[in-house]
Structure formats: C-alpha cells, structure tokens
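Mind the numbering: the sequence shown is residues 20 to 353 in the numbering used here, read in order.
Yeah, the Cβ is synthetic: ideal placement off N, Cα and C, and Gly gets one too.
None of the values given here were measured: they were computed from a predicted structure.
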Amino acid sequence: MNNTEAKYRSFALVREMMETPEIVRKFDLSQTKEMASQVAACGRLFFTGEGSSRIFPAKNTIYTALKTGLDVALATDGSWQSAEYDLSRWAVMGASNSGQTKEVISLFNKLAAAGHENRFAMTACEGSKLEEVANRTIVLSCGKENAVAATKSVVEQGLVNLSFLHHLAGLEMPLEETAQAAEAVLQAEYPAEMMAKLIESPMVYFAGRNNGVAEELTLKTNEITRKKSDFLEGTYLLHGIEEVMNAGETIVIIEPFEQECQKIQELLVEKIGVHVFAIASKETIFPTITIPHVGMMAPFLQLMAGWNLLVQMGVAMGVDLDKPQRARKVGNAF
20 MNNTEAKYRS FALVREMMET PEIVRKFDLS QTKEMASQVA ACGRLFFTGE GSSRIFPAKN
80 TIYTALKTGL DVALATDGSW QSAEYDLSRW AVMGASNSGQ TKEVISLFNK LAAAGHENRF
140 AMTACEGSKL EEVANRTIVL SCGKENAVAA TKSVVEQGLV NLSFLHHLAG LEMPLEETAQ
200 AAEAVLQAEY PAEMMAKLIE SPMVYFAGRN NGVAEELTLK TNEITRKKSD FLEGTYLLHG
260 IEEVMNAGET IVIIEPFEQE CQKIQELLVE KIGVHVFAIA SKETIFPTIT IPHVGMMAPF
320 LQLMAGWNLL VQMGVAMGVD LDKPQRARKV GNAF
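What follows is the structure, encoded as structure tokens:
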C-alpha cells in the first residue's frame with residue numbers, strides 16, 4: 020500500500036497506517052521513566068484494556084519480558100475480568116484510545132475507591148474520563164484515528180508498554196532502524212497468486228506465538244476484509260483444528276516454528292488442500308512474506324506486514340476500509 024495510488028490514498032485507514040513509521044521514529048522513551056520506577060518498587064505491572072488496545076500492546080510486552088528474563092511480574096486481562104482480581108499490590112496500566120471505554124473506567128473507579136495508588140493510563144484523547152480516574156496518564160502523540168480499525172494507536176500503545184522494559188531491564192529499542200524497516204514493509208506489494216488465494220478463501224486463520232500479533236491480525240481481518248477468521252495460538256493448528264478445515268481455506272503463520280513446518284505441509288497442505296503462507300524474517304517452506312529482523316522490535320514489523328496484506332485484500336475486494344457495517348470505534352462507551 021502507499022499514499023500515492025488512488026486506490027489506497029482515499030482511505031483514512033491507509034493514511035493512518037502509513038503514519039506509523041514516523042510515530043516509531045519520534046517515540047519518546049522518557050515518558051514512562053517515572054512510572055517504571057514505581058513498577059520497580061512494587062515488582063508487578065498489570066495491563067488492561069479492550070480489543071486492540073490490549074491484545075498486541077500487552078501480550079507482546081509480556082512475551083518480550085519472558086524472553087529477556089525480566090524479574091518483574093507482568094499479566095493482562097480484560098477489565099471486567101480484572102475487576103475480579105486482587106490488584107492491590109500491582110501497578111495497573113489501562114489503555115483506551117477514546118478515554119471513554121466503560122470497562123476500563125469502571126475498573127479504575129473501583130481501584131480508586133479502594134485507595135489504589137499506581138493507576139496508570141494511556142489514551143489518544145486529552146481530558147478524557149479515563150484521565151480523571153488515573154493517577155498518571157500518557158496522551159498518545161498519534162492523535163485521533165478516523166478509521167474504525169485501530170492501527171497507529173496500537174503501535175504507539177505497544178511502544179509505551181515496551182518502554183517499561185527499556186527502563187526496567189535495559190531493553191534495546193532501535194526506533195530509527197525499526198521505522199526505516201516499517202516504511203519498506205508497509206509499501207511492499209505482494210504476489211498476485213497469494214492475494215488471489217486469500218481473497219477466494221472462505222476462512223482465514225492466523226497462527227503463531229501468543230504475543231498478540233496473530234491475534235490482532237485475526238481481529239483486523241474481520242474489520243478490514245469482512246472475512247471470518249480465527250487465531251490458532253502456538254501449535255494449535257496441529258492439535259485438532261484440522262478436523263474441520265477444508266480445501267481452499269488459508270492459514271497465515273507468523274514466524275512459524277521450524278520444527279512444525281514439515282508436519283503442517285504434510286497434514287494441512289498436501290492432505291487437506293489448505294493454503295499456507297508465512298510472514299517471517301527468513302524464507303520458509305511456504306510462500307513467505309519476508310521482513311527485516313529488528314531484534315525485540317520484530318513483532319511490530321510482523322503486525323505491519325499483516326496490515327499491508329489485509330489492506331491489499333480489502334482494496335482488491337472492493338471493501339470500504341473505513342466504514343464497516345456494524346463495528347464501532349468505541350466498543351462500549353462510559
């Protein structure tokens with residue numbers, strides 16, 4: 020996709036996706052420094068929010084922390100479920116683009132009433148209700164999104180959460196390198212044969228690690244292409260789901276586990292006739308969208324490559340990317 024061709028530039032969704040490299044490039048790592056010191060003091064950080072504000076930003080941070088061996092407990096769940104937990108000893112980060120998400124605000128009201136002191140928030144809207152009920156709030160630099168599907172905000176929320184690891188564990192976040200790579204990833208054009216199979220597919224599965232990338236792309240498939248989709252976490256795609264898969268369906272695997280590739284080829288491609296594609300930092304045995312490797316920032320590029328794939332699908336299908344029939348920008352307003 021790009022901002023020059025008429026078939027792309029008319030959509031706010033595309034314009035907002037194309038803004039993300041600059042958001043990465045200019046991200047201010049220092050804005051979470053004081054919050055990180057409070058997290059270090061209590062040793063626990065809980066991420067909450069709904070939909071895209073939580074799936075990738077929270078899960079990718081937890082995944083990265085586990086890979087780096089961070090000696091701080093991290094966890095996440097939606098806000099209604101989180102309200103059932105004892106979070107008295109946790110610092111809590113609540114994310115809501117609008118700052119009006121009912122579930123998050125209700126949780127923060129409960130925490131405030133209990134005298135909870137480490138209530139952090141991030142929102143794209145200054146002066147929101149969420150800011151009123153939080154102790155400290157980060158207002159995202161990305162600004163308001165006009166498209167229903169959240170994109171640039173998801174990336175900035177992911178950067179905010181990951182920056183805690185930068186302060187707590189010295190995690191390297193190569194922002195300029197990632198921004199340059201993101202520009203290329205977002206503008207890549209994918210093979211016509213791959214796109215044709217995805218467009219014709221009655222079902223699109225996304226598989227991969229439980230780090231929010233494949234799960235977030237599953238949601239974006241619904242919003243952008245209007246196709247049904249499902250998230251197959253880890254090696255789930257080899258442990259029962261094959262019973263109901265049919266020829267012509269498609270699986271997009273994010274950085275496939277090498278140990279599983281041959282079995283996927285034999286069981287799903289050769290025996291059933293499922294189309295399998297990969298998004299990865301190196302070639303696989305499947306048709307692969309290759310992306311640069313940028314260390315611990317790799318999931319951001321994986322997500323953007325998936326966005327590009329879905330936009331190219333939606334445009335080819337004649338979908339109005341900005342106006343879904345039922346999905347809303349604010350899922351459940353306070």
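Exercise for the section: Indicate the three-state DSSP secondary structure (helix, strand or coil) for Leu159 in the structure shown. Expected result: Correct three-state label for Leu159: coil.
Practice task
Please report how far the alpha carbon of Ala211 lies from the alpha carbon of Pro311, in whole angstroms.
Solution key: Distance between the alpha carbons of Ala211 and Pro311 is about 22 Å.
Exercise for the section: For Pro40, collect the residues of the same chain with a Cβ closer than 6 Å to its Cβ; drop the 5 residues on either side in sequence, then sort them by chain order. Expected result: Same-chain partners within the cutoff: Ala198, Ala201 and Glu202.
Handout entry: Leu85 (DSSP reduced to helix, strand or coil)
Key = In this structure, Leu85 counts as helix in the three-state DSSP scheme.
Problem - N-terminal and C-terminal residue of the beta strand (DSSP E) that His294 is part of - result: It spans His294 to Ala299 - the beta strand (DSSP E) in which His294 sits, taken as one unbroken run.
Practice task
Within 10 angstroms of the Cβ of Thr23, are there 16 or more other Cβ atoms? Answer buried if so, exposed if not.
Solution key: Sixteen is the threshold: since fewer than 16 other Cβ atoms of the shown chains lie within 10 Å of the Cβ of Thr23, the residue is exposed.
Problem - Rounded C-alpha distance that separates Phe305 from Ala102 - result: Phe305 and Ala102 have their alpha carbons spaced roughly 43 Å apart.
Handout entry: Residues near Ala55 in its chain [Cβ-Cβ closer than 6 Å; skip 5 each side]
Key = The residues are Phe183, His186 and Leu187.
Problem - Entirely enclosed alpha helix (DSSP H) segments - the stretch 83-141, minimum 4 residues - result: DSSP runs (the alpha helix (DSSP H)) wholly in the stretch 83-141: 98-101 and 121-132.
Problem - Contact set for Ala209: own chain, Cβ-Cβ below 7 Å, skip 5 residues either direction - result: First, the amino acid is wrong: residue 209 is Tyr here, not Ala. These residues qualify, in order along the chain: Ile308, Leu328 and Gln331.
Handout entry: Limits of the unbroken alpha helix (DSSP H) element including Glu279
Key = Per DSSP, Glu279 belongs to the alpha helix (DSSP H) from Glu277 to Ile283.
Handout entry: Inter-residue Cα distance where the pair is Tyr82 and Asp96
Key = Answer to the nearest angstrom: the Cα atoms are 14 Å apart.
Exercise for the section: Please classify Ile291: is it buried, with 16 or more other beta-carbons within 10 angstroms of its beta-carbon, or exposed? Expected result: Taking a 10 Å sphere around the C-beta of Ile291, we find fewer than 16 other C-beta atoms and assign the residue as exposed.
Exercise for the section: Decide if the stretch 106-124 is in contact with the stretch 254-273; the criterion is three or more beta carbon pairs, one per stretch, under 8 Å apart. Expected result: As far as the Cβ criterion goes, the stretch 106-124 does not touch the stretch 254-273, which means the pair count is below three.
Problem - 8 Å Cβ cutoff met for Leu205 and Ala226 - result: Taking the C-beta atoms as reference points, Ala226 is found no nearer than 8 Å to Leu205.
Exercise for the section: Check whether the Cβ atoms of Phe65 and Ala94 lie closer than 8 Å to each other. Expected result: Closer than 8 Å, so yes.
Exercise for the section: Determine, using beta-carbon pairs with one atom in the stretch 156-175 and one in the stretch 268-288, whether at least three such pairs fall under 8 Å. Expected result: Contact fails between the stretch 156-175 and the stretch 268-288, because fewer than three Cβ pairs, one in each stretch, are under 8 Å apart.
Problem - Distance, Glu219 Cα to Thr240 Cα - result: When rounded, the distance between both Cα atoms is 14 Å.
Problem - One or two residues paired with Ile252 in a DSSP bridge - result: Here residue 252 is Glu; the residue named in the question, Ile, does not match the sequence. Per DSSP, the beta-bridge partners of Glu252 are Gly227.
Handout entry: Leu194: first and last residue of the uninterrupted alpha helix (DSSP H) it sits in
Key = Here the alpha helix (DSSP H) through Leu194 covers Leu194 to Gln206.
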